[in-house]
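Protein chains in written order, with our numbering: chain X, 1 to 641; chain D, 1 to 641.
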């Protein structure tokens, strides 16, 4: 954590200095003109708001239909990948401390000798070793909102949501010179209830859920399965003799199926309970299902174990359904160079899932983490508006992949267990196949399965062999290293904060400490001095040298062999009004705690490698250290001088 | 972190439910009658206040002479031991995130070829491996205060300090039936400035620094060295080419000595600069030393490296002096069974150090962490008042040991470096000996050197061989384990929260899973059923079974072999209004991440061991699991039925 940058300041370093030029607000009224209007204070909307709040020069407004912050969560599972993103937002430690960690999953099926009772038949580790430095955890969605809201409140512009606002209509004028989006909002509460406010925005983002008004306004539709299978979900405080109650548990019983998710605090547990199949045209709402029925179903499934429910803080019944939009923005068709997106949709507004794979909230947050830096780069004049096409291009494809996985998973989950003697051709799902599917798809449920294809902002895999463990198009897989300046063990990926910056991880070749004409030294020379350097081309005069590109170096030698006073100045750059040096850019393997990052991530030891990482932590490119021209050309594709 | 215990509650789980019976306060006036009056809002006072705030039935008041919370810290070093205590208070993660970690110390001396310049001659790890699960860190004292204040504010009684209060006088009436301490406080600010408030207290604790008014009121004196050696200390934001600026560095140069401590945020650095020797009767105040002089001295010492100071947020000049009181309470003499302490002093009020060993703040907090649970136990009717004698008995002895260490360390630090050719008999300190002394005394500087002698609350070492790594009288040295109920890797010691409870860590013998007549099963049977059981004798009816004694079990087998549904009920006790089970009391070795806690802490695998741990995390006793009568007798010595 870096602070006291521009002078010592007492108090909490997470509270930024207030921006003296922040837009003035008229009491609780929404502003009449903004850069970005976000509709919806769910996980997608808050991720975007928290991201944009990092930039004092961007005027953001976020509105929400409900009249205050969420108190009781719907979603609760937080994938490893989401924790990595929380780290970039600075609150992963808070979540780690407060959440329930999912360490193992156990599988239960009907006891072969007494099929009315259940018996444990399998136990697997929840997340494969080394998949992420973070565990899979469970925490009330409301608390995740709280952490985002705190981050927004502590940001330079002190961003706060405007609650009790309903979108009346949205107009987009593609011909308008500026502020082409006009949104009318009705106030749903307070003394000015019923009044309509008009907000003109450069961009609007609908994070307003499965019934998104923004989606309707841009004429897009969720397409997918109609569902005829009802599931109940409930959070309970209960007393039971079921021994795995603090594990994640998948139960296939003669009385239906049940998924158990332990919750934060050591006592709360979530049950997903299979209810009867619905008729073809039947809806859940017509069934009058009660929480007592859910409890009774859970008790039947858990037999011979007992379950005494003491409190049900939250419950719901839902139908399974996977649906998706074909495009996530307002530009018709594809590849239209003429028109650039002005309105986007994200999260449940463009894809819905069954809750079983625990992906709804996680995937929604990744949507807007993808969008946030792109909006910021265009608004701040760093990138061309073509960049905005990549949001829908990237996110729609990976959502479709997730939905295919989710559909299969939900089908298996809802199917009846097949007995061993029934053989392969019989109906129902083989419990062993079910467990195998779970294990195979661990990367998806951990959230690290997303793999963007080559595009404007993702390079080709020509040089992938230089760093086989940093796969282009996937998120940067962090690894433990030692920081040279203070010999502190740190995670390499944690240098990546949600600050809109690109990161160039330069892994040094074997001789790079000595050879001052090549490798890291030559790269730094190019980046600092050349007219073609992306650092020079895309960083404004007066900005810190690392304001757009954060150049980090990783040497192969022990930290005691790396003399920081002999390194290129770009690796210890002077910054801020005092020109204080930044000592947190040079790393080496952590030989003591191991393993060596060069081995772990398959770095070519002779040549080294340059790993280019996007502001949303995805690997954009892998290049030789000497590929100066290629590097410059990559950024010229979408960045402005 | 356990919560949702008595029902689901939205919001931050660290904010306790407010106590509806909390004493009513008359605006900002101090209450007229309290259980404990704490004088002074420094580290010692706040540790005590945060500890007592855990108990809704104890009425605590804390007053401070300054008119608000500290903004700029004096102390900054946080020892490993202190981090362990912060973990018990629930804010170690916050400190880890925000602080600077000290990983290595480098040693510099005059260059043999050019004695005017300095050269590095040594480098050591700051803390020996495995000494603590926490690193040695550095963070502004003001932030430590903030975390304590937040904890107090979140506690059931919402404890807040009363600022701008000066102690006028203190009277103790040893004959009084109740509230024997009368303290008069003058208001130093606000509309009622100058008014005198009178507070009657059961106990008063002076945490009011080296010039303690409380100490004077009980007629005690700080005794020790007069100092004639001046040191300057300054926090700076500076640009330098000195390569070790982010390490802790001890420099002995031809131009004087310098200690460098890197600070939080990546830029701030603290310098301790040796100034000239003072004359015999001279004081620092008479020297008119300026911060410019400190900067110049640092520049001379660092030569040939440059130092450009950009900002000096804080600086001071002090004289070295180690002083201590012979007793820390108001009872004259020793072993007086007739009279029990009513007034205590803690922290700088009873011992002062040089800042070099980084022990002032750390040791002060350990004083009141020692006192807090004792006061609470007596006030809550759990323990006899004899217990209060042990505060001075334990803390005064270990402070003397620390001062002896500190004196030698400070002497070495202030001495001139001896050249190699001068040989052993010459004056000055050998740089190698200096480094060796530092390494040898790592346990002291890490804060884990404290070793209480056998007493009312520390047993004899008769059975120490059963658990050689948990030394009676030292702090519980935590170790990694796996929690059986959810297969989560946790730290065994982190079960110990600052909640005033005793912890009985029962390490199972090899056959304890099977043998239901001996070992753990027999111990749990005794503790649950016997009339002699300390759990039954000292826990009130209606309290949770673990309200006074938290019984935890550690088995030798893999977690998959420990069937929690076959364990004694005491290890999964029903608690709270719903009788929800507590699943966080059973552990096993973490075979995956290793090492095995039984090997690491030398537990007798055949017999197992019972490790009795005090509320302040110190090991009180090691006993065989079957020593039921000895266990009961130990607690009968000082606890009430």
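Quick reminder that beta carbons are idealized off the backbone N, C-alpha and C, glycines included.
Mapping DSSP to helix, strand and coil, what is residue i?
i, result
"residue 571 of chain X", "helix"
"residue 512 of chain X", "coil"
"residue 487 of chain D", "coil"
"residue 186 of chain D", "strand"
"residue 622 of chain X", "strand"
"residue 338 of chain X", "coil"
"residue 455 of chain D", "strand"
"residue 368 of chain X", "helix"
"residue 468 of chain D", "coil"
"residue 200 of chain X", "strand"
"residue 391 of chain X", "helix"
"residue 311 of chain D", "strand"
"residue 35 of chain X", "strand"
"residue 549 of chain D", "strand"
"residue 112 of chain X", "coil"
"residue 475 of chain X", "strand"
With a threshold of 8 Å on Cβ separation, who are the neighbours of residue i within its own chain once the five nearest residues in sequence on each side are excluded?
i, result
"residue 9 of chain D", "3 and 17"
"residue 549 of chain X", "501, 502, 503, 504, 527, 534, 535, 538 and 539"
Looking only at its own chain, which residues have a Cβ that is under 6 Å from the Cβ of residue i, when we skip the five neighbours before and after it?
i, result
"residue 193 of chain X", "187"
"residue 133 of chain X", "478 and 491"
"residue 461 of chain D", "472"
"residue 236 of chain X", "269, 309 and 312"
"residue 108 of chain X", "118, 120 and 251"
"residue 632 of chain D", "532 and 534"
"residue 614 of chain D", "620"
"residue 91 of chain X", "147"
What do you get for residue i, buried or exposed, if any count of 16 or more other CB atoms within 10 angstroms of its CB means buried?
i, result
"residue 11 of chain D", "exposed"
"residue 180 of chain D", "buried"
"residue 540 of chain X", "exposed"
"residue 399 of chain X", "buried"
"residue 592 of chain X", "exposed"
"residue 388 of chain D", "buried"
"residue 511 of chain D", "exposed"
"residue 370 of chain D", "buried"
Please name the residue, chosen from the options, that lies closest to residue i on a Cα-to-Cα basis.
i, options, result
"residue 571 of chain X", "X/404, X/367 and X/503", "X/503"
"residue 366 of chain X", "X/202, X/383, X/42 and X/538", "X/42"
"residue 274 of chain X", "X/267, X/262 and X/301", "X/301"
"residue 28 of chain X", "X/141, X/438 and X/164", "X/164"
"residue 638 of chain X", "X/384, X/89 and X/618", "X/384"
"residue 34 of chain X", "X/316, X/447, X/202 and X/82", "X/202"
"residue 395 of chain D", "D/429, D/437, D/349 and D/434", "D/349"
"residue 596 of chain X", "X/627, X/575, X/581 and X/559", "X/559"
"residue 78 of chain D", "D/569, D/96 and D/68", "D/96"
Which residues does DSSP list as the beta-bridge partners of residue i?
i, result
"residue 106 of chain D", "D/123 and D/249"
"residue 329 of chain X", "X/344"
"residue 600 of chain D", "Answer is none; residue 600 of chain D lacks a bridge partner."
"residue 316 of chain X", "X/233"
"residue 271 of chain D", "D/234 and D/260"
"residue 239 of chain X", "X/308"
"residue 503 of chain X", "X/550 and X/613"
Beta-carbon within less than 7 Å of residue i's beta-carbon, same chain only, minus the 5 sequence neighbours each way: which residues are those?
i, result
"residue 630 of chain X", "623"
"residue 254 of chain D", "110, 115 and 116"
"residue 306 of chain D", "240 and 241"
"residue 446 of chain X", "79, 80, 81, 127, 131, 132 and 136"
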